[in-house]
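Each residue of the sequence shown is one higher than the one before, starting from 721 at the first, in the working numbering. Cβ atoms here follow ideal geometry from the backbone N, Cα and C, with glycine treated the same way. Source: prediction; values computed, not measured. These notes are about the structure you will find just below.
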Amino acid sequence: MCPLKILPVESIRQLDAYTISNEPVKSTDLMERAAIECYEWISNAVKVGSSFKVVCGMGNNGGDGLAIARMLHKDGHSVEVFYIRHSKEASEDNKKNFDRIADVAGLIVTEVFEDDSEIEINEEEIVIDALLGSGLNKPATGFLADIIKQINQSNGYVIAIDIPSGLFADLPSQVTKSSAIIRADYTLTFQLPKLAFFMPENDKYVGKWEVLDIKLSNEFIHEADCSNYLTTRNDCKTIFRPRTTFSHKGTYGHALVIAGSLGKVGASLLAAKAALHAGAGLVTAHVPMCGMNAIHTAVPELMLSLDDSETHITNLPDLSPYNAITFGPGVDKQPETQKTLKLLIQVTKVPLIIDADGLNILSENKTWLPFLPPDSILTPHLKEFERLTSPTDNHFNRIEILKAFAQRHRLYVILKGAWSAIACPDGTVYFNSTGNPGLATAGTGDVLTGILTGLMASGYDAKEACILGTWLHGKSADIAVKRDAQPSLVASDVIKYLGKAFRKLE
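Right under this line is the structure:
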């Protein structure tokens, strides 16, 4: 598996330099290559005859913008360049591209200075943001902030080149009254994504984004140290193992789902049914007696283990038949249920998958965390994770807390949300590339837990199950919303389309 690396800015700089030295290629030609990729993407995305305002700074990001403006103009589009004189000196490649457009007939270039900084953009025009690049290390203030604010207030459609101007690539961005960040509709970045793109607080700046391949050195990328990755379909295809001809139900393991309480039996049904659809050979649901009729009626393929209690989980069945065990969906937090989880942690011989109320119980009993079996999987959403650890005001810090938590307790932790982050015991994080806002509905987390359980039962290890299961969960939701609108998605739809998600890996 070779997932897409998310390198820090300093490594990206080194990657550029390595490519220039070892391809070899001139830096201006590499800039031209990047501009061509942007131009082709933009040309395919916009209407014929679109009007562009290209806002260029004086660094290499501005040089990209100047080259893109030249290509769009040559293609017959109406183009005006606003060249923002925010520094005493432009970069060498910026100067070369400025000289190239100086005498291009019909291409309007307006130089903008601090003492006369008004730029005119109409809302029907497309703005290309090439003001500041990914190397930014201080907030955009003063003259630059004024330009950014004008762009944001124009209501034009904004395409940012590499990264929205004013946004930090590797650090939290604090916006004050004196600073500003471009609010892009689309961001076109080069070769590898930026860590900032995966932070919820940056969504309003980044918009949708696309990675453009500009043929930077694969050798350097392969050798570069990295702890953050983006998993894709190709990665999951290398994990996925098709069934063999002579396999049988025993080949794919026996999963135990300990879930449900009075009023929350649906959680146990969703998790157990998802485990079946994820490939477990056998699935047993251990539920309170109040769930008996529901289980038998709704999912006849499930086996049933009844708790001694009518209303909640109070005891464990014999664990010896099971090679994957889940605890938590809908169990509530009754004292007997908490004691049952403690006992499970003490006696289990396999890693656990813990979700929902199981996580809430752990957050109230943190001394149990060191005793969880290594390679167990926790699947918190943001608030559940904060209860397990500590609150923070930005997602950059949260990802670092997530890494440290997974390492300290030798666990896999899936922090659910857009770009769900999978933290591993070795300190790496894998961001998931599938899913959509339709998943923001009750029960979808229970389904993810069931998918993980089914994969673990059928022979995948914890890391494989986390990466493959999270991808399948999101892909199933993506398939579902192609047929119905996002607001109508329910958890059962994710199970319904799971088979089609598997098909994407065959």
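Opposing strand residues paired with residue i [DSSP bridges]
i	result
MET1023	THR1004
LYS928	TYR906
ASN948	VAL1149
THR1046	VAL977, ILE1073
LYS725	TYR949
SER807	According to DSSP, SER807 bridges with nothing at all.
Residue i and residue j closer than 9 angstroms at C-beta
i	j	result
PHE1151	ALA1162	no
LEU851	ILE868	yes
TYR877	GLU845	yes
ASP813	ASN842	no
GLN951	TRP929	Residue identity differs from the one stated: residue 951 is Thr in this sequence, not Gln. Going by C-beta atoms, THR951 is not nearer than 9 angstroms to TRP929.
ALA916	GLY886	no
GLY862	GLY777	no
ALA1185	LEU1172	yes
THR1148	LEU1192	no
LEU1175	ALA904	no
LEU1102	GLY1137	yes
GLY983	SER1178	no
VAL1007	LEU1036	no
VAL1051	ILE978	yes
THR1099	ILE1134	yes
TYR1132	LYS1086	no
Where residue i sits in the DSSP three-state scheme
i	result
ALA860	coil
PHE818	helix
ASP849	strand
ALA825	coil
THR1109	coil
PHE833	strand
LYS897	coil
LEU1225	coil
LEU1098	strand
LYS935	coil
GLU1104	helix
LYS773	strand
VAL801	strand
ALA880	strand
GLY1011	helix
ILE989	Note that residue 989 is Leu in the sequence shown, not Ile. The answer is helix: DSSP assigns LEU989 an H, G or I state.
ILE839	coil
GLU921	helix
GLU812	helix
ALA1205	coil
ILE788	helix
HIS793	helix
GLY1078	helix
SER1083	helix
ILE1033	coil
TYR1217	coil
SER1196	helix
ARG961	coil
LYS914	coil
SER874	coil
PHE888	coil
LEU1304	Only positions 721 to 1226 of the chain appear in this structure, which leaves residue 1304 out of reach.
LYS1053	coil
PRO1041	coil
LEU1092	coil
ALA1211	helix
GLU730	helix
HIS1016	helix
HIS968	coil
ALA994	helix
THR1060	helix
GLU943	helix
Supposed close pair residue i, residue j - CB separation, criterion 8 angstroms
i	j	result
LEU996	VAL1003	5 angstroms
ILE934	ARG753	5 angstroms
PRO913	LEU750	Not confirmed; about 19 angstroms, so no contact.
ILE848	ASN872	Not a contact, Cβ separation roughly 14 angstroms.
LEU856	PHE1116	The Cβ separation is near 15 angstroms, so there is no contact.
ASP784	ILE881	5 angstroms
LYS993	ILE1199	Not confirmed; about 18 angstroms, so no contact.
THR909	VAL895	About 21 angstroms; that fails the 8 angstroms criterion.
VAL801	THR830	7 angstroms
ASP1075	PRO1049	6 angstroms
Counting only runs that start and end within the stretch 1115-1189, where is the beta strand (DSSP E) found for 3 or more residues in a row?
Entirely contained in the stretch 1115-1189, the beta strand (DSSP E) runs reaching 3 residues are, in chain order, 1132-1135, 1141-1143, 1149-1152.
4-residue-minimum alpha helix (DSSP H) runs that sit fully inside the stretch 735-767, ordered along the chain
Taken in chain order, the complete alpha helix (DSSP H) segments of 4 or more residues contained in the stretch 735-767 are 747-765.
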